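Okay, structure first, notes after.
In my numbering, the protein residues as written are 26 to 61.
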């Protein structure tokens, strides 16, 4: 149960990091809608 909890925690952390990097890339992307 503990190992499973750690696995879930690690997965969530990876998901959050990848999502943050995706948003960072999207906002830095010149193709994004910055002219609004």
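Beta carbons are placed, not taken as given, at the ideal position from N, Cα and C, and that holds for glycine.
What you are looking at is a predicted structure, and each value in this text was computed from that prediction instead of being measured.
For residue i, the three-state DSSP class (helix, strand or coil)
| i | result |
| --- | --- |
| residue 46 | helix |
Close beta carbons around residue i, own chain, < 7 angstroms, minus the five adjacent residues each side
| i | result |
| --- | --- |
| residue 33 | none |
| residue 31 | none |
Close Cβ partners of residue i (< 6 angstroms) along its chain, the five nearest in sequence each way excluded
| i | result |
| --- | --- |
| residue 43 | none |
Distance cut-off 8 angstroms: residue i Cβ against heavy atoms of the ligand SAH
| i | result |
| --- | --- |
| residue 36 | The ligand SAH is not among the ligands present in this structure, which contains no ligands whatsoever. |
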